[in-house]
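Engineer: Protein sequences, first through last, are from chains F and W.
Residue numbers for the first sequence follow our numbering, beginning at 10 and rising by one.
Residue numbers for the second sequence follow our numbering, beginning at 10 and rising by one.
2 protein chains.
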Amino acid sequence: MTARPLNATAASLLGFLHLGPMTGWDLVAIAERQIGAFWSITQSQVYRELAAMAAAGLVEPGERGARDRRPFSITEAGRESFAAWAAQPPGDELIRMPMLLSVVFGAHTPPHLLAAHLASHRDRHAAKLAEYEDDLALAEGAPPGYGPDAYIRACLDFGIRYERAVLDWFDNLPAEILPDPAGAAG
Amino acid sequence: MTARPLNATAASLLGFLHLGPMTGWDLVAIAERQIGAFWSITQSQVYRELAAMAAAGLVEPGERGARDRRPFSITEAGRESFAAWAAQPPGDELIRMPMLLSVVFGAHTPPHLLAAHLASHRDRHAAKLAEYEDDLALAEGAPPGYGPDAYIRACLDFGIRYERAVLDWFDNLPAEILPDPAGAAG
DNA sequence: TGGTACATGTAACATGTTACATGATTAG
DNA sequence: CTAATCATGTAACATGTTACATGTACCA
Numbered sequence: 010m011t012a013r014p015l016n017a018t019a020a021s022l023l024g025f026l027h028l029g030p031m032t033g034w035d036l037v038a039i040a041e042r043q044i045g046a047f048w049s050i051t052q053s054q055v056y057r058e059l060a061a062m063a064a065a066g067l068v069e070p071g072e073r074g075a076r077d078r079r080p081f082s083i084t085e086a087g088r089e090s091f092a093a094w095a096a097q098p099p100g101d102e103l104i105r106m107p108m109l110l111s112v113v114f115g116a117h118t119p120p121h122l123l124a125a126h127l128a129s130h131r132d133r134h135a136a137k138l139a140e141y142e143d144d145l146a147l148a149e150g151a152p153p154g155y156g157p158d159a160y161i162r163a164c165l166d167f168g169i170r171y172e173r174a175v176l177d178w179f180d181n182l183p184a185e186i187l188p189d190p191a192g193a194a195g
Numbered sequence: 010m011t012a013r014p015l016n017a018t019a020a021s022l023l024g025f026l027h028l029g030p031m032t033g034w035d036l037v038a039i040a041e042r043q044i045g046a047f048w049s050i051t052q053s054q055v056y057r058e059l060a061a062m063a064a065a066g067l068v069e070p071g072e073r074g075a076r077d078r079r080p081f082s083i084t085e086a087g088r089e090s091f092a093a094w095a096a097q098p099p100g101d102e103l104i105r106m107p108m109l110l111s112v113v114f115g116a117h118t119p120p121h122l123l124a125a126h127l128a129s130h131r132d133r134h135a136a137k138l139a140e141y142e143d144d145l146a147l148a149e150g151a152p153p154g155y156g157p158d159a160y161i162r163a164c165l166d167f168g169i170r171y172e173r174a175v176l177d178w179f180d181n182l183p184a185e186i187l188p189d190p191a192g193a194a195g
C-alpha cells in the first residue's frame, strides 16, 4: 500500500531482518548493540514500526513460538524498499548534547555544580570508550571470515575516535570551567 | 500555571532571553549561530515554545514594532525556571548519524554509491571545521572583555575537535570502503 | 515459590519536521 | 515596480519517550 519512503529507523530494522527472521525483542537487542552508539531505538518504536511495515507488506509475521515470540521476516517488497533507502544519500547528522547546552549557559550555573556534571559525563564517556575498545579487541581477535565485517568495524572505529575526541576536550577545558579533571591526582 | 520542568529547547530560548528581549526570529538566528552545532531548533518550534512559555508566564510579549516584530522578554518566573533547569544534571547526548547507518549496512549498497555519499559527507564536515576555525580565530582576535566568554569558546573547541575526529575517521577508512579519499591526489 | 529475564503490546504525550499562508519592508 | 529578506504564525503529520498492563518461562 504505502509507497512512502522508509524512515531510517524502519530501514535499519529491515537491514537487520536480512540476517533472518527476528522478533521485536531480538531487533531491540541487536539494534542496541550494533547501532546504539549513533542511532537509538526504543522498544515501542520497534513494535510500532513492525506493525506498520507488516501492514505495508514489507515484513511478514511468522508463527508464534514459545513465550509468544513472534518472528518477522522480510518480504521481497521489504528488500526492495530497503535497497531503495540504502541507495539514497544519507541525511545530515543530528547531534543533541544537553551537556554542551549547560556549558554555553555555564555562566548561569554555580561553578561547582557545572564541574560536577561535567565530571560525571566525562566518566560516562570514558566508560564508553573502554567498551568500544573491548569490542574492537574482540573483533580483531576473531578468526578471518568470522566476526564483524569491515563496515561494522568502521563504525566501531568511529565510536572510538569520537569518544577519544570528547575525552580530549574534557581534559583540555580551561581551569575556570573544569578546575580539577576527574581522575587526575594533581 | 505549568510547573512542568522545561525541556532543553525551551530552556535554551530562556537562556538567550537573559541577554535582553528578542523576537522569535532573533531567537532562531542566535540559536542557529551559537548552539546550532549541537542543538538544532526550527522556526515553528520557537514560535510554539514562545506561545507555551507566554501562557505559562515565563516570558512576556512586548509591543509589536516595525514589521510586526514582537519581542519577548523573560519574566522573573522565567529566570527561576531557567535556573532550576540549569542546576539539573544534563541528560545524555543523542547522536543520530544516518551516514553511519549507511555504513553498517554498507554491504547492501553498490560500493561506488556508498563511496560517493561518504565523500560528500566528508566535504560537509571539512566545511564545518573551516567555519569553526574561523569563528575561533575571530574569538581569539577579540579584545579582552569582548567576544565570546570561556563557556562559548569551550563549545567552539568541542566542535573543532569533533570535526577533526570525523575527518580523521574518513581519512583512515579501509580502501575497501572509501577507495580514494576526497581531496587527496594520490 | 519467588525473583529475574523474556516478550508483546498499548496509551498518552512530547517533540520535531515540513509545508504552507500571509503580509511588511527594503534595496535595486 | 519587483524581488529578496524579514517576520509571524498555523496545520498536519512523523517520530520519539515514558509509563503501564499483561503474561511466560527459567532458575535457584
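Just so it is clear, CB atoms sit at the ideal spot from N, CA and C, and this is done for glycine as well.
Values in this document were obtained by computation on a predicted structure and should not be read as measured data.
Relative to chain W, which residues along the stretch 96 to 123 of chain F have a C-beta separation below 8 Å, given in chain order?
Structural biologist: Those residues of the stretch 96 to 123 of chain F that come within reach of chain W (Cβ to Cβ, closer than 8 Å) are 96, 98, 99, 100, 101, 102, 103, 104, 105, 106, 107, 108, 109, 110, 111, 112, 113, 114, 115, 116, 117, 118, 119 and 122.
Engineer: Roughly how many whole angstroms lie between the Cα atoms of residue 73/F and residue 20/F?
Structural biologist: Going by the C-alpha atoms only, they are around 24 Å apart.
Engineer: Say whether chain F places a C-beta atom closer than 8 Å to the C-beta of residue 182/W.
Structural biologist: With 8 Å as the cut-off, residue 182/W counts as an interface residue toward chain F.
Engineer: Mind listing the chain F neighbours of residue 166/W? Cutoff is C-beta to C-beta under 7 Å, in chain order.
Structural biologist: Result: 178.
Engineer: Of all the options 138/F, 102/F and 123/F, which has the alpha carbon lying nearest to the alpha carbon of residue 94/W?
Structural biologist: With distances taken between Cα atoms, residue 94/W lies closest to 123/F.
Engineer: Are residue 186/W and residue 159/F close, meaning C-beta to C-beta below 8 Å?
Structural biologist: Going by C-beta atoms, residue 186/W is nearer than 8 Å to residue 159/F.
Engineer: At a CB-CB cut-off below 8 Å, which residues of chain F make contact with residue 174/W?
Structural biologist: Those within 8 Å of residue 174/W in chain F are 170, 171, 173 and 174.
Engineer: In whole angstroms, what separates the C-alpha of residue 148/W from that of residue 139/W?
Structural biologist: Taking the straight line joining both Cα atoms gives about 14 Å.
Engineer: Where residue 36/W and residue 43/F are concerned, what is the direct C-alpha to C-alpha distance, given to the nearest angstrom?
Structural biologist: Rounded to the nearest angstrom, the two C-alpha atoms are 37 Å apart.
Engineer: Excluding five sequence neighbours on each side, which residues of the same chain lie with their C-beta closer than 6 Å to the C-beta of residue 69/F?
Structural biologist: Answer for residue 69/F: 82 and 84, listed in chain order.
Engineer: Nearest chain W C-beta to residue 201/F closer than 8 Å, yes or no?
Structural biologist: Nothing about residue 201/F can be reported from this structure: the residues present for chain F run from 10 to 195 only.
Engineer: Quick one: does residue 194/W have its CB under 8 Å from some CB of chain F?
Structural biologist: Caution is warranted here: a pLDDT of 43 is assigned to residue 194/W, below 50, making its placement in the model unreliable, and no coordinate value can be reported.
Engineer: Taking its Cβ as the centre, do 16 or more other Cβ atoms sit within 10 Å of residue 14/F, making it buried, or is it exposed?
Structural biologist: Answer is exposed; the Cβ neighbour count stays below 16.
Engineer: Quick one: residues in its chain with C-beta nearer than 7 Å to the C-beta of residue 3/W, no 5 flanking neighbours on either side, listed in chain order?
Structural biologist: In the structure as shown, chain W starts at 10 and stops at 195, and residue 3/W therefore has no counterpart that could be examined.
Engineer: For residue 68/W, write down the residues that DSSP places opposite it in a beta bridge.
Structural biologist: BP columns for residue 68/W point to 83/W.
Engineer: Going along the chain, which residues of its own chain have a beta-carbon closer than 6 Å to the beta-carbon of residue 109/W, five neighbours each way excluded?
Structural biologist: Same-chain partners within the cutoff: there are none.
Engineer: Closest to residue 89/F by CA distance: which of 26/F, 100/F, 175/F and 163/F is it?
Structural biologist: Ranking the options by Cα distance to residue 89/F, first place goes to 26/F.
Engineer: If you run the structure through DSSP and keep just helix, strand and coil, what is residue 50/F?
Structural biologist: Reduced to three states, the DSSP call for residue 50/F is coil.
Engineer: Tell me the DSSP secondary structure of residue 31/W in three-state form.
Structural biologist: Note: residue 31/W maps to strand in three-state DSSP.
Engineer: Use the C-beta contact count for residue 115/F: other C-beta atoms within 10 angstroms, 16 or more gives buried, fewer gives exposed.
Structural biologist: Answer is buried; the Cβ neighbour count reaches 16.
Engineer: Are the C-beta atoms of residue 53/W and some chain F residue less than 8 Å apart?
Structural biologist: By this cut-off, residue 53/W is not an interface position.
Engineer: I think residue 107/W touches residue 46/F, with their Cβ atoms under 8 Å apart; what is that distance to the nearest whole Å?
Structural biologist: Between residue 46/F and residue 107/W the Cβ distance is about 14 Å, and since that is not below 8 Å, they are no contact.
Engineer: Near residue 181/F, which residues of its chain fall below 6 Å by C-beta distance, leaving aside the five closest residues on each side in sequence?
Structural biologist: So the list is empty, once near-sequence residues are dropped.
Engineer: List, in chain order, every chain W residue whose beta-carbon is nearer than 9 Å to that of residue 48/F.
Structural biologist: Under the 9 Å cutoff, chain W gives 104, 105, 106, 107, 109, 110 and 113.
Engineer: With DSSP as the reference, identify every bridge partner of residue 104/F, one or two as the case may be.
Structural biologist: Beta-bridge pairing links residue 104/F to 104/W.
Engineer: Would you mind stating whether residue 111/W and residue 118/W have Cβ atoms separated by less than 8 Å?
Structural biologist: Yes. Within cutoff.
Engineer: When the Cα atoms are used, what is the spatial distance from residue 60/W to residue 96/W?
Structural biologist: Each residue's alpha carbon lies about 24 Å from the other.
Engineer: Check whether the Cβ atoms of residue 49/F and residue 127/W lie closer than 8 Å to each other.
Structural biologist: The answer is no: Cβ separation not under 8 Å.
Engineer: Closest Cβ-Cβ distance between residue 72/W and chain F: below 8 Å?
Structural biologist: So, not an interface residue.
Engineer: Could you spell out the range, first to last residue, of the alpha helix (DSSP H) harbouring residue 141/F?
Structural biologist: Counting along the chain, the alpha helix (DSSP H) containing residue 141/F begins and ends at 120 to 150.
Engineer: My output table needs one value for residue 89/F: the three-state DSSP class, helix, strand or coil.
Structural biologist: Three-state DSSP puts residue 89/F in a helix.
Engineer: In angstroms with no decimal places, state the Cα-to-Cα distance between residue 63/F and residue 77/F.
Structural biologist: Distance between the alpha carbons of residue 63/F and residue 77/F is about 18 Å.
Engineer: Look at the alpha carbon of residue 193/F and the alpha carbon of residue 171/F, and state the distance between them as a whole number of angstroms.
Structural biologist: With a pLDDT of 49 at residue 193/F, under the threshold of 50, the predicted position of this residue should be treated as unreliable, and no value is reported.
Engineer: Distance check for residue 132/F and residue 58/F, CA to CA, integer angstroms please.
Structural biologist: The straight-line gap from Cα to Cα measures roughly 34 Å.
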